[in-house]
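Numbering (the working numbering), first residue to last: 960 to 1143. Every residue, glycine too, gets a C-beta built ideally from N, C-alpha and C. Source: prediction; values computed, not measured.
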């Protein structure tokens, strides 16, 4: 990656890659037809909101789901904060050139994609809640290690392994756990 690239070039490349990788979906994945479409009505809108409020009120009787919501909120909030501040922290602590920073962020996305496949497999094997707890633990350990690593090379490797796996594991297993916990 050329060290003289600026932010506009990075965003243009990102947009181009998004377009290129989206084309097969647009061309080869058919849209599912809705068998019996329901036209919009305000009464339908109101009844759906009543259903949502009824589900929220029922959470008091579902302590496991309520506990999952609370834990998921804090874990995903920590994960989102880590993602948001990753580039800033890396820049301020290690002072890498623009090319290395772009390589780290691009590598993180690619590693998270591959880790998501592994996390999905493990979620099916060991269960969503166990995988969610394991991924949250990996996130805590990885963030602690990342905060104490003195050199960029080790930081880079740990970000692409533990960081990517934690991120993909929390998101993948968390979604499946919610489906498992949620009422029909």
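> Which residue from 1030, 1016 and 1058 puts its Cα closest to that of residue 968?
Replying inline: The closest CA to that of residue 968, considering only 1030, 1016 and 1058, is found on 1058.
> Taking three-plus beta-carbon pairs below 8 Å as touching, is the segment 1029–1039 in contact with the segment 1098–1118?
Replying inline: The segment 1029–1039 is in contact with the segment 1098–1118.
>> Am I right that residue 1091 and residue 1136 are in contact with their C-beta atoms under 8 Å? What's the rounded C-beta distance?
In response: Contact between residue 1091 and residue 1136 holds, with the beta-carbon distance rounding to 5 Å and staying under 8 Å.
>> By the three-class DSSP mapping on this structure, what secondary structure does residue 992 have?
In response: It is coil, neither helix nor strand.
> Roughly how many angstroms separate the alpha carbons of residue 974 and residue 966, rounded to a whole number?
Replying inline: Roughly 12 Å between the two C-alpha positions.
>> According to DSSP, simplified to helix, strand and coil, what is residue 1109?
In response: It is coil, neither helix nor strand.
> I think residue 1049 touches residue 1063, with their Cβ atoms under 8 Å apart; what is that distance to the nearest whole Å?
Replying inline: Rounded to whole angstroms, the Cβ separation of residue 1049 and residue 1063 is 6 Å, and the two are in contact under 8 Å.
> For residue 1131, which three-state DSSP category applies?
Replying inline: Looking at residue 1131 - three-state DSSP - the assignment turns out to be helix.
> How many Å lie between residue 997 and residue 1003 at the Cα?
Replying inline: Near 9 Å, if we compare the C-alpha coordinates of residue 1003 and residue 997.
>> Quick check: what's the CA-CA separation for residue 960 versus residue 1055?
In response: Any reading at residue 960 needs caution, since the residue's pLDDT is 47, under 50, leaving its predicted position unreliable; the model's value is listed next. Spanning the two alpha carbons is a distance of roughly 13 Å.
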